[in-house]
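K.L.:
Protein chains: 2
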Amino acid sequence: MSRRQTKSQTAILQLLKKEQVALSHDGITAKLEQEIDRVTIYRILNRFVEDGLAHRIVADDGRQYFAICPEECSHDHKAHDHLHFRCVSCDRVECVPGEVEYSLPAGYKVDNHNIILSGNCNDCSGK
Amino acid sequence: MSRRQTKSQTAILQLLKKEQVALSHDGITAKLEQEIDRVTIYRILNRFVEDGLAHRIVADDGRQYFAICPEECSHDHKAHDHLHFRCVSCDRVECVPGEVEYSLPAGYKVDNHNIILSGNCNDCSGK
DNA sequence: TCACTTATTGCAACAATGTTGCGTTAAAGT
DNA sequence: ACTTTAACGCAACATTGTTGCAATAAGTGA
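Line by line, the protein sequences give chains Z and L. The first sequence begins at 50 in this note's numbering and counts up by one. The second sequence begins at 50 in this note's numbering and counts up by one.
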């Protein structure tokens with residue numbers, strides 16, 4: 050029932066901590082030293098999300114990206130109400146700090162926020 | 050070079066106009082009277098988006114949903130900055146009117162907004 | 001109205017992303 | 001060291017969306 054610490058798991062966790070951006074499955078594969086099976090990577094990531102360690106972002110390319118949760122959001126890992134920016138040039142997804150404000154009609158219960166802006170990031174918009 | 054009017058095309062357009070919610074490919078298939086090939090549906094939808102007739106939303110289930118653009122957004126069909134709500138119970142995606150406010154560091158150029166909240170809609174949260 | 005051009009369609013095949021089943025491996029507890 | 005079972009790797013599958021290509025049919029002009 051309890052979690053076990055494995056090499057694959059710690060490697061992915063370290064990677065996510067080091068990178069400050071959200072990574073997709075294949076971004077992770079590309080940056081990992083060791084080879085880890087595709088399925089295992091997905092399972093590890095899903096476990097991280099389940100445990101509130103990471104959050105999952107579905108970007109507007111339809112793919113899932115994962116990022117380590119900052120401390121502030123550990124108390125409630127369901128609603129990540131900060132926004133995310135996906136750069137279409139360098140294909141990175143980053144978390145943008147700051148609140149997002151919106152209004153919603155009464156009666157709606159929000160379980161999950163998934164806010165993605167896409168375009169060119171600071172580095173890429175100059176070129 | 051110019052567009053041609055076909056039965057499939059008008060059927061889908063009518064459907065999207067009638068439904069006030071955003072529909073996915075298979076939502077469209079389910080509601081259509083006539084049978085239209087999967088590929089054709091996708092191509093029609095992509096054409097609508099290209100022509101600024103509809104906008105594409107990628108929901109947090111990773112799937113694409115399409116909705117007819119309201120008049121206001123016809124002048125700029127790239128940035129649909131209103132938010133969308135996906136109900137996980139009835140599996141409908143609706144456009145929520147109203148502006149979304151956020152702040153973004155300088156140097157970022159936004160091409161596209163994709164803002165999805167998910168949870169239970171007014172109808173489903175009661176039950 | 002008929003012939004012509006080519007946008008649109010339908011089918012098959014493919015690509016990408018993510019999940020499930022299952023037998024094997026290896027962490028953690030005793 | 002032994003046992004239990006979480007985690008792994010492989011194969012197979014599911015879903016969503018796209019591409020190539022030959023056949024069809026919408027618009028145009030004689």
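Ideal Cβ placement from N, Cα and C applies to all residues, glycine included.
Between the alpha carbons of R105/Z and L65/Z, how many angstroms are there, rounded?
P.N.:
12 Å
K.L.:
What does C136/Z pair with, by DSSP beta-bridge criteria?
P.N.:
Looking at the DSSP assignment, C136/Z forms a beta bridge with G168/Z.
K.L.:
Can you pull the chain L residues whose beta carbon is under 9 Å from the beta carbon of V137/Z, in chain order?
P.N.:
D160 and N161
K.L.:
Going by DSSP in three states, A128/Z sits in which element: helix, strand or coil?
P.N.:
Low confidence applies here, because A128/Z scores a pLDDT of 47, under 50, leaving its location unreliable and the question unanswered by this model.
K.L.:
Using a cut-off of 7 Å between C-beta atoms, extract the partners of G147/Z located in chain L.
P.N.:
Y151 and S152
K.L.:
What in chain Z is Cβ-close to L132/L, meaning under 7 Å?
P.N.:
Y151
K.L.:
Which residue's Cα is closest to the Cα of G147/Z: G156/Z, D160/Z, A108/Z and I164/Z?
P.N.:
I164/Z
K.L.:
In the DSSP assignment, what are the bridge partners of A116/Z?
P.N.:
BP columns for A116/Z point to H104/Z.
K.L.:
Please state the DSSP three-state secondary structure of L183/L.
P.N.:
Chain L is shown only over 50 to 176; residue 183/L falls outside these bounds and no answer can be derived.
K.L.:
May I ask you to report which of helix, strand or coil DSSP gives S73/L?
P.N.:
strand
K.L.:
Please tell me whether C144/Z has its Cβ less than 7 Å away from any Cβ of chain L.
P.N.:
no
K.L.:
At which residues does the alpha helix (DSSP H) containing E99/Z begin and terminate?
P.N.:
R87 to E99
K.L.:
Would S73/Z be called buried (16 or more neighbouring beta carbons within 10 Å of its own) or exposed?
P.N.:
buried
K.L.:
Could you tell me whether the Cβ atoms of C118/L and C139/L are closer together than 7 Å?
P.N.:
Contact: no.
K.L.:
Establish whether the CB of Y157/L and some CB of chain Z are separated by less than 7 Å.
P.N.:
Taking Cβ atoms only, chain Z reaches closer than 7 Å to Y157/L, which makes this a yes.
K.L.:
Mind listing the chain Z neighbours of G111/L? Cutoff is C-beta to C-beta under 8 Å, in chain order.
P.N.:
V107, G111, R112 and Q113
K.L.:
Can you pull out the residues from the segment 163-175 of chain L whose beta carbon lies closer than 7 Å to at least one beta carbon of chain Z?
P.N.:
N163, I164, I165, L166, S167, G168, N169, C170, N171 and S174
K.L.:
Spell out the partners DSSP gives E148/Z in its beta bridges.
P.N.:
DSSP lists no partner for E148/Z.
K.L.:
Spatial neighbours of I93/L within its chain, please: CB distance less than 7 Å, with the 5 preceding and 5 following residues excluded, ordered by chain position.
P.N.:
S57, Q58 and I61
K.L.:
Report yes if the CB atom of V149/Z is closer than 7 Å to the CB atom of Y151/L, and no otherwise.
P.N.:
A contact, by the Cβ cut-off of 7 Å.
K.L.:
Can the beta-carbon of C144/Z be found less than 7 Å from the beta-carbon of C170/Z?
P.N.:
no
K.L.:
Quick one: Cα of L81/Z to Cα of Q69/L, how far?
P.N.:
45 Å
K.L.:
What's the gap between the Cα of H162/L and the Cα of Q83/L?
P.N.:
33 Å
K.L.:
Below 6 Å, is the gap between the Cβ of T59/L and the nearest heavy atom of the ligand HEM?
P.N.:
By its list of ligands, the structure shown contains no ligand whatsoever, and the ligand HEM lies outside what it can speak to.
K.L.:
Would you please state the rounded distance, in angstroms, between the beta carbons of F115/L and A71/L? I believe it to be under 8 Å.
P.N.:
6 Å
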